[in-house]
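J.:
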DNA sequence: ACTAACTGTGAGAGCGCTCTCACAAGATGA
DNA sequence: TCATCTTGTGAGAGCGCTCTCACAGTTAGT
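Protein chains in written order, with this note's numbering: chain A, 1 to 305; chain B, 1001 to 1305.
This is the structure we're talking about:
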């Protein structure tokens, strides 16, 4: 032991990995070819922070596979699915139909998704929140505030979470005996630009409230409302989703559905490592709680910074 | 070749690494124990995006070492300095005096710093911008606008970039024959909270302009000014640094010094890989250009979104 | 005192690659 | 035709670990 200390001996991890067939490395893939990653959105960075923390806590290392990757980038697919490099993979925001999904499924390398997958749900480990219920709570909040023409700007509908939030929106309206007006639903993406464009488009149908699929989208809505001369919350109530930092920087402060983004990342990493180490059997599907955070953008009670 | 294709053969990278003594993995360390990482600041995510892109372009993989790490976390230090795991390391925002610095220096593993190091400058590869000159340009801009009491809220002065921006601020004042008033200099950190507190503190000395060490800091200044009833830019001109996305979300839009953050990350990765592969000899120090971006927060010409 | 069980140490195989070297087979020039 | 050079193929060593197994040394039980 003292020799190890004095000589500063570093075990050769490649040699160890060769015989144990474990690299003690996991990967985090965010295979989006939209610029939602890192651009105007702290959702993915927060996710990553959670993963990073939990991964190092368990003495694993975290490989990052991010950036704008072409769907058919064979080189990337080959490398990311190399089970000799990584013991497992976390995949976030995977768009339905992405080839990575099929690759991983018949590769046998354990992987955990963040967000509910749209296919093979009974075979996939994932961690997410109850987006349907959360979408319902958000919409119900707007209803309870007396709003009559409640619009929704969705996220990318090839992502389970976006579908579920839309589902929740519809469910809340139906439970309140309200009609579902297709004119008040804008199919967007998880970006500020989509929120901005969505609001400009919806304006002709005179909504008095908008449930935005994410805080980033809501920021775009706020800007569009400002340009349209609509006062928030008097003329237009706006509710977001995520409760990332922009919700606390906006004017007015954003009412939103808080989801524990950092914890999602951390849980995914812990789950994956448990799976790798054989400590867990069967398909694991973790649903984390959400919470309605009331601030200024819907009227009602105002909670400070 | 056809057999490889049919059998979907994956070479065992651990075995390869064992004999070649190359893992084709590089690390990215952001060893900050402040919460500037990922919290309200897209600087580091952007940096990471640049690194990630360049790394995969060169067919390497990127290990992420981020999060709030205790200075004396031996486990972390041991793992991050394991040269069998990584061929090299990029270190961003390393605070002066951090033990990682000494570790790396006598380890022999190639590493590239982002930001100018405060010690052993002639032995360290790094990539940064000319912060002195940029700080001078920012301050000079405020002077040319007729501002009389120009304050500066610095970043963490244990980081070279923060020191250099302060240096540039002082240089501009001196060249203009202005006195340097210590009351108008607030030693802060690269965070929104520091900007907010700095501005509240500086208010007693009645500045009519603030050069903030980063856009994030400037956002904090903007909020404090709002609370103090100061109108930006009429009562107070504010200039930031970075030109990250918050500069385009603020109200008023932020005048700032743009630095190519993504390119910094990308260049660092490319440089490191060139170093690893022996394609480059001698100490490499890359200075990228900056640019004054004039928007609304200093008055003068206003450029739209 | 003899056997049975436990503890510690050392030798050796093998993980799946890369790299070198020997040798065979084919191409080139006198 | 023979010597030289080029190209291709196959065998074998070795990278630095982990794991098993044998054997020596020690302790416990009858």
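Glycine residues also receive a C-beta, built at the ideal position from the N, C-alpha and C atoms.
Please read these numbers as outputs of a predicted model, since none were measured by experiment.
Which chain B residues sit within Cβ distance under 9 Å of residue 64 of chain A?
T.: The contacting residues are 1028, 1048, 1051, 1052, 1055, 1061, 1062, 1063 and 1064.
J.: Within 10 Å of its beta-carbon, does residue 52 of chain A have 16 or more other beta-carbons around it, so buried, or fewer, so exposed?
T.: Buried.
J.: Report the option in B:1158, B:1110 and B:1214 whose CA atom is closest to the CA atom of residue 1152 of chain B.
T.: Here the closest residue by C-alpha is B:1214.
J.: Report all residues from its chain with a CB closer than 7 Å to the CB of residue 1103 of chain B; omit the five preceding and five following residues, and keep chain order.
T.: The answer, listed in chain order, is 1077 and 1081.
J.: Which whole-angstrom value is the C-beta distance of residue 1195 of chain B and residue 1171 of chain B, which I expect to be below 8 Å?
T.: Residue 1195 of chain B to residue 1171 of chain B, Cβ: 22 Å. No contact.
J.: Using 8 Å as the threshold, is the stretch 1245-1257 of chain B in touch with the stretch 1213-1231 of chain B, meaning 3 or more CB pairs across them?
T.: Verdict: yes, contact present.
J.: With a threshold of 8 Å between beta carbons, is residue 1131 of chain B in contact with chain A?
T.: Residue 1131 of chain B does not count as touching chain A.
J.: Drop a sphere of 10 angstroms on the beta-carbon of residue 1131 of chain B, count the other beta-carbons inside from all chains shown, and report buried for 16 or more, exposed for fewer.
T.: Burial call: buried.
J.: To test your reading of the DSSP string, which unbroken beta strand (DSSP E) runs of 3 or more residues are found completely within the stretch 180-251 of chain A?
T.: If we require 3 residues or more, the beta strand (DSSP E) runs fully inside the stretch 180-251 of chain A come out as 209-212 and 237-242.
J.: Any heavy atom of the ligand ZN closer than 7 Å to the beta-carbon of residue 129 of chain A?
T.: As far as ligands go, the structure on display features none, and thus does not contain the ligand ZN.
J.: Identify whether residue 1149 of chain B lies in helix, strand or coil by the three-state DSSP scheme.
T.: Coil, per DSSP.
J.: Give me the residue from B:1055, B:1028 and B:1186 with the minimum Cα distance to residue 1111 of chain B.
T.: It is B:1028.
J.: Answer yes or no: does any C-beta atom of chain B fall closer than 8 Å to that of residue 295 of chain A?
T.: No, no contact with chain B.
J.: In whole angstroms, what separates the C-alpha of residue 1187 of chain B from that of residue 1095 of chain B?
T.: Their Cα atoms are separated by approximately 15 Å.
J.: Taking the straight line between their C-alpha atoms, what separation do you get for residue 1148 of chain B and residue 89 of chain A?
T.: Whole-angstrom Cα-Cα distance: 56 Å.
J.: Using the DSSP secondary-structure output, state which residues sit across from residue 1125 of chain B in a beta bridge.
T.: B:1112.
J.: Report the residue from A:63, A:87 and A:56 whose alpha carbon sits nearest the alpha carbon of residue 1075 of chain B.
T.: Minimum Cα distance to residue 1075 of chain B is reached at A:56.
J.: Looking at the secondary structure, which residues open and close the alpha helix (DSSP H) in which residue 1271 of chain B lies?
T.: Taken as a continuous stretch (DSSP letters only), the alpha helix (DSSP H) holding residue 1271 of chain B covers 1261-1276.
J.: Given this structure, state the Cα-to-Cα distance separating residue 92 of chain A from residue 1201 of chain B, to the nearest angstrom.
T.: Those two C-alpha atoms are separated by around 42 Å.
J.: For my contact list, residue 1061 of chain B and residue 1025 of chain B are in at a C-beta cut-off of 8 Å; report their separation, rounded to the angstrom.
T.: About 5 Å separates the two Cβ atoms, so the contact holds.
J.: To the nearest angstrom, report how far apart residue 177 of chain A and residue 1032 of chain B are at their CA atoms.
T.: When rounded, the distance between both Cα atoms is 52 Å.
J.: With residue 1143 of chain B as the anchor, note down where its alpha helix (DSSP H) starts and where it stops.
T.: Taken as a continuous stretch (DSSP letters only), the alpha helix (DSSP H) holding residue 1143 of chain B covers 1131-1144.
J.: Quick check on DSSP: helix, strand or coil for residue 1302 of chain B?
T.: At residue 1302 of chain B, the pLDDT of 44 sits below 50, so the modelled position is not reliable and the matter cannot be decided from this model.
J.: Strictly by DSSP, which residues pair up with residue 1256 of chain B?
T.: According to DSSP, residue 1256 of chain B bridges with B:1240 and B:1293.
J.: Which residues does DSSP pair with residue 1065 of chain B in a beta bridge?
T.: Answer by DSSP bridge pairing, in chain order: B:1029.
J.: Quick one: does residue 229 of chain A have its CB under 8 Å from some CB of chain B?
T.: No - not a single Cβ of chain B is within 8 Å of the one on residue 229 of chain A.
J.: Quick one, are the C-beta atoms of residue 297 of chain A and residue 207 of chain A less than 8 Å apart?
T.: Contact flag unset, no.
J.: Any beta-carbon of chain B closer than 8 Å to the one on residue 212 of chain A?
T.: With 8 Å as the cut-off, residue 212 of chain A does not count as an interface residue toward chain B.
J.: Could you tell me how far apart the beta carbons of residue 1115 of chain B and residue 1160 of chain B are, in whole angstroms, since I believe they sit closer than 8 Å?
T.: Contact holds; Cβ gap of about 5 Å.
J.: So what's residue 285 of chain A in DSSP terms, helix, strand or just coil?
T.: Here residue 285 of chain A sits in strand by DSSP.
J.: Alpha carbons only, please: which of A:67, A:113 and A:6 is nearest the one belonging to residue 267 of chain A?
T.: Selected option, being the one with the closest Cα: A:113.
J.: Who does residue 90 of chain A pair with in a DSSP beta bridge?
T.: Answer is A:28 and A:112, bridged to residue 90 of chain A.
J.: Can you give the beta carbon distance from residue 83 of chain A to residue 1010 of chain B, rounded, assuming they're within the 8 Å contact cut?
T.: That pair is a contact at about 7 Å.
J.: Grouping DSSP H, G and I as helix and E and B as strand, with all else coil, what is residue 96 of chain A?
T.: DSSP places residue 96 of chain A in coil when its eight states are reduced to three.
J.: If we count the other Cβ atoms within 10 Å of its Cβ and call it buried at 16 or more, is residue 23 of chain A buried or exposed?
T.: Burial call: buried.
J.: Are the C-beta atoms of residue 84 of chain A and some chain B residue less than 8 Å apart?
T.: By this cut-off, residue 84 of chain A is an interface position.
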